[in-house]
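Count along the sequence shown from 1, add 242, and you get the number used in my numbering. Glycine included, each C-beta is placed from N, C-alpha and C at the ideal position. Beneath this line is the structure, given in structure tokens, with notes to follow.
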Amino acid sequence: MSSRPRGRGRGWGRRPQRRSRRTPSRRRQAKLFVGNIPYDDSEKLANLFDKAGVVEVAEVIYNRETDQSRGFGFVTMSTVEEAERAVEMLHRYDINGRNLTVNKAAPRGSRPERPRESDPSLRVYVGNLPWQVDDSRLEQLFSEHGKVIDARVVYDRQSGRSRGFGFVTLATREEVDDAIAALDGQSLEGRALRVNVAEERPRRSSF
């Protein structure tokens, strides 16, 4: 996964500047995840976030192999208050027919977004996948509808070939509902996807 600063606008693509009384912790708290970004709309996205405050850094995540946008990125606002204002203003904002997903980015290393075992509702089953779809393609597909925590295609252990299904974990139940509504029954390379909440796996007996 690679990132690239895009667009113009205040602070778009610049490194965060050190300011007095600004700690790294405060900067992390002002960092936002932005999903479902139109591939060619970096300029408009920069202007949108400028309306909520001062944009210090904005980067779109790109696929290293294809050099194309993966449909999501990160924006760091000048203050936590501006970041919260951006979430209020721009989450679910319609831009060119896409509803943006805007929420606080999880700090690196802390992994607070990984769902607990007691909340299996954030895990989605994806069936009838084309054989050539791999983990990264599955992640790319769902990243247009929310923050992907994990995306895995299930493979046959002996042959190493895809078994035609996989699982995706998203950050919130709202994103799960959006992804199911958008993707269930949709055609991917000639195959109609089956997308629903994954059933909780039974725990193995300790005997």
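- Across the structure, Asp420 and His387 are spaced so that their CA atoms are roughly 6 angstroms apart.
- Nearest in C-alpha terms to Arg415, of all of Val390, Arg436, Ser401, is Val390.
- Leu412 is not a Cβ neighbour of Leu425, given a cutoff of 7 angstroms.
- Secondary structure at Arg403: coil, using DSSP grouped into helix, strand and coil.
- For Val418, the uninterrupted alpha helix (DSSP H) segment begins and ends at 415 to 425.
- Of the candidates Phe291, Gly427, Ile279, Val375, Val375 places its Cα closest to the Cα of Gly408.
- Taking the Cβ atoms as the reference, Arg334 lies roughly 5 angstroms from Asn341, within the contact range of under 8 angstroms.
- In this chain, Val368 is not harboured by any alpha helix (DSSP H); it is covered by the beta strand (DSSP E) spanning 365 to 369.
- Judged by their CB atoms, Ala288 and Thr318 are not nearer to each other than the 7 angstroms cut-off.
- Shown here, Val395 sits in a strand according to DSSP, grouped into three states.
- Leu342: not part of any beta strand (DSSP E); DSSP gives it neither H nor E.
- Residue Phe316 holds the alpha-carbon nearest to the alpha-carbon of Ile279 among Gly402, Phe316, Asp309.
- It is roughly 31 angstroms from the alpha-carbon of Asp392 to the alpha-carbon of Gly295.
- In terms of CA proximity to Ala300, Val276 leads the group Gln310, Trp373, Arg312, Val276.
- C-alpha of Asp398 to C-alpha of Val368: approximately 16 angstroms in a straight line.
- Taken through DSSP and simplified to helix, strand or coil, Leu383 comes out as helix.
- Taking C-beta separations shorter than 7 angstroms and ignoring five residues to either side along the sequence, the partners of Ala347 in its chain run Lys273, Leu274, Phe275, Phe316, following chain order.
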